[in-house]
Every structure is written in structure tokens, then in C-alpha cells.
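Going by numbering that gives the first Met the number 0, the sequence shown opens with residue 0, and the numbers climb by one from there.
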Amino acid sequence: MSLTILALLALREKHLLPGPPTLPVLGNISQIPLKYSHFKFTKWTRQYGGIDSFNLGTGTAVVITDRRLVKELVDKKSSKYSIRPD
0 MSLTILALLA
10 LREKHLLPGP
20 PTLPVLGNIS
30 QIPLKYSHFK
40 FTKWTRQYGG
50 IDSFNLGTGT
60 AVVITDRRLV
70 KELVDKKSSK
80 YSIRPD
């Protein structure tokens, strides 16, 4: 019974972007090395594509490495995503 619950907790939510499998509670924190973490992100990018999601504890991080997507977000939609006080 407890293995079934742990397996269900580790499944990625359907609405999230692709990314590595997660661990219950920790998410992907234990899979990201403290040094040279960019190598791990590069490996995941090759595996999952130019936009990936990672669970970091209770939060979700999105990493965008596709140049076209980065350009679109910065050039065309920066006012929508930048939060600056007036």
C-alpha cells in the first residue's frame, strides 16, 4: 500500500512541461548537483527538449534553453512577465 502511494506521488502532473521523474516531497532537488549543475541541465535539455520543468520541493521551476522561445519571451512578452514596482 505505501509503495503505491509513493509511486503515485512521484508521477509527474499531466499539465506540467516535460522533465525528469520526481521523488516524493523532494522533487528533483536530490538530482541536481551542487557543482557543475549546468551539465545536468544540458543533459536534461537534450532528453526533454528546449523547455523543461523541475520540481524543487513544493515549487516548480521552468528552464528554457530554446533560443527561439527565449527571444520570444524577452522581445515580445517581457512586459507581461516582468514584475517591477511602479
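Just so you know, even glycine gets a beta-carbon here, dropped at the ideal spot from N, CA and C. Since the structure is predicted, the reported quantities are computational estimates derived from the model, not experimental observations.
Have a look at residue i and residue j and give me their C-alpha separation to the nearest angstrom.
i, j, result
"Ser78", "Thr41", "28 Å"
"Leu16", "Arg67", "17 Å"
"Ile31", "Gln46", "15 Å"
"Lys75", "Val61", "19 Å"
"Leu8", "Thr59", "Caution is warranted here: a pLDDT of 49 is assigned to Leu8, below 50, making its placement in the model unreliable, and the coordinate value is therefore given only provisionally. Their backbone Cα atoms lie some 15 Å apart in a straight line."
"Lys34", "Leu22", "21 Å"
"Asp65", "Asp51", "10 Å"
"His37", "Thr57", "22 Å"
"Ser29", "Ile63", "21 Å"
With distances taken Cα to Cα, identify the nearest neighbour of residue i among the options.
i, options, result
"Leu25", "Ser36, Gly18, Phe53", "Phe53"
"Gly49", "Lys76, Thr57, Lys70, Leu22", "Lys70"
"Trp43", "Asp74, Pro19, Lys76", "Pro19"
Less than 8 Å between the CB atoms is what I'm expecting for residue i and residue j, so what's the real figure, rounded?
i, j, result
"Leu72", "Asn27", "So it is not a contact: roughly 22 Å between Cβ atoms."
Practice problem: With a floor of 3 residues, list each beta strand (DSSP E) that falls wholly inside the region 32–59, ordered by position along the chain. | Solution: 50–55
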